[in-house]
Amino acid sequence: MNAFNRLMTGAALGLALAVTSAPMGIAETPANMLVIANRIDDITTLDPAESFEFAGSDVSRNVYQKLVNFDPMNLDAGYQPEVAESWTVSDDGKTIAFTIRDGLTFHSGNPVTAADVEFSLRRAVILNKTPAFILTQFGFTADNVEQTIVADGNTVTITTDKPYATSFVLNCLTSTIGGIVDMKTVMANEADGDMGNTWLKTNSAGSGAYKLVSWKPNESVTLQSNPDFYLGAPAMERVIVRHVQESASQRLLLERGDIDMARNLNPEDIAGARGAEGVVITDELRGRLMYVSMNQKHPELSKPEVRQALKYLIDYKGMEGSFLNGQYVIHQNFLPRTFLGAVDENPFSLNVEKAKELLAAAGVESMELEVGVREAQERIEIAQTLQNTFAQAGIKLNITVGTAKQILARYRARELDVYLGAWGPDYPDPHTNAGTFAYNPDNSDEAQATGLLAWRNSWDTGGLTEKTAAAVVENDRDVRSGMYAEIQATFRETAPFAVMFQKIEQTAQRENVANVNLGGATTAVSYWPITK
Numbered sequence: 000m001n002a003f004n005r006l007m008t009g010a011a012l013g014l015a016l017a018v019t020s021a022p023m024g025i026a027e028t029p030a031n032m033l034v035i036a037n038r039i040d041d042i043t044t045l046d047p048a049e050s051f052e053f054a055g056s057d058v059s060r061n062v063y064q065k066l067v068n069f070d071p072m073n074l075d076a077g078y079q080p081e082v083a084e085s086w087t088v089s090d091d092g093k094t095i096a097f098t099i100r101d102g103l104t105f106h107s108g109n110p111v112t113a114a115d116v117e118f119s120l121r122r123a124v125i126l127n128k129t130p131a132f133i134l135t136q137f138g139f140t141a142d143n144v145e146q147t148i149v150a151d152g153n154t155v156t157i158t159t160d161k162p163y164a165t166s167f168v169l170n171c172l173t174s175t176i177g178g179i180v181d182m183k184t185v186m187a188n189e190a191d192g193d194m195g196n197t198w199l200k201t202n203s204a205g206s207g208a209y210k211l212v213s214w215k216p217n218e219s220v221t222l223q224s225n226p227d228f229y230l231g232a233p234a235m236e237r238v239i240v241r242h243v244q245e246s247a248s249q250r251l252l253l254e255r256g257d258i259d260m261a262r263n264l265n266p267e268d269i270a271g272a273r274g275a276e277g278v279v280i281t282d283e284l285r286g287r288l289m290y291v292s293m294n295q296k297h298p299e300l301s302k303p304e305v306r307q308a309l310k311y312l313i314d315y316k317g318m319e320g321s322f323l324n325g326q327y328v329i330h331q332n333f334l335p336r337t338f339l340g341a342v343d344e345n346p347f348s349l350n351v352e353k354a355k356e357l358l359a360a361a362g363v364e365s366m367e368l369e370v371g372v373r374e375a376q377e378r379i380e381i382a383q384t385l386q387n388t389f390a391q392a393g394i395k396l397n398i399t400v401g402t403a404k405q406i407l408a409r410y411r412a413r414e415l416d417v418y419l420g421a422w423g424p425d426y427p428d429p430h431t432n433a434g435t436f437a438y439n440p441d442n443s444d445e446a447q448a449t450g451l452l453a454w455r456n457s458w459d460t461g462g463l464t465e466k467t468a469a470a471v472v473e474n475d476r477d478v479r480s481g482m483y484a485e486i487q488a489t490f491r492e493t494a495p496f497a498v499m500f501q502k503i504e505q506t507a508q509r510e511n512v513a514n515v516n517l518g519g520a521t522t523a524v525s526y527w528p529i530t531k
């Protein structure tokens, strides 16, 4: 039985790892295979027009190409040509014409054409799933895409409703929803007019470095390399991502050599793994923010003094210095560090007496709230800390723990009193976060703007929607940066969001694994440059 067959015949998670003899009794994964432990229970779909969660973005990054994308070995260079070989911008700044690169093929063997690009972008708008706002914010609608997204020969033109900074438009096209799908394969699997959405939830039709072999919810994702990838066949012929919930379990698998990389070790296990033979620790500042939000449909949470009080009932420093040590840094603004317009003002700290004064001013003596939190160790620990500090001011916080799918469904339906979770940028432009935390043009239930966090919390933003709309069309970089600083200053004081921390991802990996890039603050992980 060869190594791969041995690998696929285990029990446990439906996936067991073959071992080979190695010095000191440490196992090894096959030389052409990358095996990762990660929490992937947030995946709800793998259709790039619908996928909007962290682990799903990792898959899409490696399966689908986009008009423009990032070089994982040079993220500072910003977006680069990918499916588009080049582009030009019209004099009025509204139309971008992309010339499609010759010689690209989908995993099916079909050529990548301008018609596929047209279909993919139109499809994303027409389906109107959660991330559709990334495209529809440019004025694209199901009614106008035949006129605004048009293929002609090997060229695709997109025409926006007004002139935006070109960098803003292109940055948006690097997001997951910009993935180019194989039109013929997708439409061959259409059911009931869904444009292949049901099929693409669990299958792939891309042209990227990898194709999807299988996704077993809450168990594993398996990818197979694309030998015809335009940059060359990846060294890792198989990538297997195992869903391993517990930090201690990930560490054990890594130290035994059963996996190559552990992505969710807590500070205690990171400290322990540093001393393990053959293991190295890497730190990478990511764009992910940990935040708490307050539903403005709640009669007490809608009071400004109550929102302020809760921000003073969070033990930021205590958490940063204990169970989040080395993995999160205090950050109380919606733009992550390294983004244009990012600021470092962090005015809130634990102050129970001040919180009590604010609650009294709002006429609130006691309150009972439900907080929804995903079943992830550090998030549960944050929720428990909040439960303790909130109680000191007479607030009973009931913690509801569920899968990411369960909790997100209730959050997107505006049902939770309080939500504790993370948010990561969808593209490397300040509007990616300003446009969801501080922008909500229609606060009605009928709007169903689930991709906007302000909408999910029933917050009309108090004028920040208009300021955000003005910032996104400002072409002067310095002026635009200042506009976002001003928006965040108001946001910190008035918003029903308490942004708490920015992620530092500490990854533990076997020392023979090289060229790992998790995507920094701007994109997702890339597997194709990795070698062992």
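Its first residue numbered 0, the sequence shown is counted upward by one per residue in numbering that gives the first Met the number 0.
All residues carry an ideal CB built from backbone N, CA and C; glycine is no exception.
- Under the Cβ criterion (8 Å, minimum of three pairs), the stretch 230–250 does not count as touching the stretch 474–487.
- By the beta-carbon neighbour count (other beta carbons within 10 angstroms, threshold 16), Ser59 is buried.
- In the DSSP assignment, His106 falls outside any alpha helix (DSSP H) and carries neither an H nor an E.
- Here Ser525 has Pro71 and Asn516 as same chain residues with Cβ atoms under 6 Å from its own Cβ, once five neighbours each way along the sequence are excluded.
- Counting every other CB atom within 10 Å of its CB across the protein chains shown gives Asn387 a total below 16, marking it as exposed.
- If you draw a straight line from the Cα of Gln505 to the Cα of Tyr327, it is about 10 Å long.
- Following the DSSP letters along the chain, one finds Ser85 inside the beta strand (DSSP E) bounded by residues Ala83 to Val88.
- Residue Glu304 holds the alpha-carbon nearest to the alpha-carbon of Ala360 among Gln405, Glu304 and Leu349.
- The Cβ neighbour count for Asn432, taken over all protein chains shown within 10 Å, is at least 16; the residue is labelled buried.
- For Asn68, no alpha helix (DSSP H) segment is defined; the enclosing uninterrupted segment is the beta strand (DSSP E) at Val67 to Phe69.
- Judged by DSSP in its simplified three-state form, Pro80 adopts strand.
- Rounded to the nearest whole angstrom, the CA to CA distance from Gly77 to Phe69 is 6 Å.
- Less than 8 Å divides the Cβ of Asn265 from the Cβ of Gln376.
- Per DSSP, the continuous alpha helix (DSSP H) segment holding Arg455 begins and ends at Leu452 to Arg455.
- The criterion of a C-beta distance shorter than 8 Å is not satisfied by Gly434 and Leu284.
- In the structure shown, the three-state DSSP call for Phe496 is strand.
- Within the same chain, Asn474 come within 6 Å of Ala164 by CB-CB distance, once the 5 residues on both sides are set aside.
- When Asp181, Trp214, Ala190 and Met194 are compared, the shortest CA-CA separation from Gly207 is found for Asp181.
- DSSP, reduced to helix, strand and coil, places Leu334 outside both helices and strands of the structure shown, so it counts as coil.
- The alpha-carbon separation between Thr129 and Ala275 amounts to approximately 42 Å.
- Straight-line measurement puts the Cα of Met260 at about 49 Å from the Cα of Glu364.
- For Asp282, the enclosing beta strand (DSSP E) stretches over residues Val278 to Met293.
- Look at Ala469 here: in three-state DSSP terms it is helix.
- With contacts defined as CB atoms closer than 8 Å, Thr135 and Val124 qualify as a contacting pair.
- Each residue's CA atom was taken as its position, placing His106 and Thr221 some 15 Å apart.
- The alpha-carbon separation between Thr521 and Phe137 amounts to approximately 21 Å.
- According to the DSSP assignment, Gln223 belongs to the beta strand (DSSP E) that extends over Ser219 to Ser224.
- Here Glu367 has Lys395 as same chain residues with Cβ atoms under 6 Å from its own Cβ, once five neighbours each way along the sequence are excluded.
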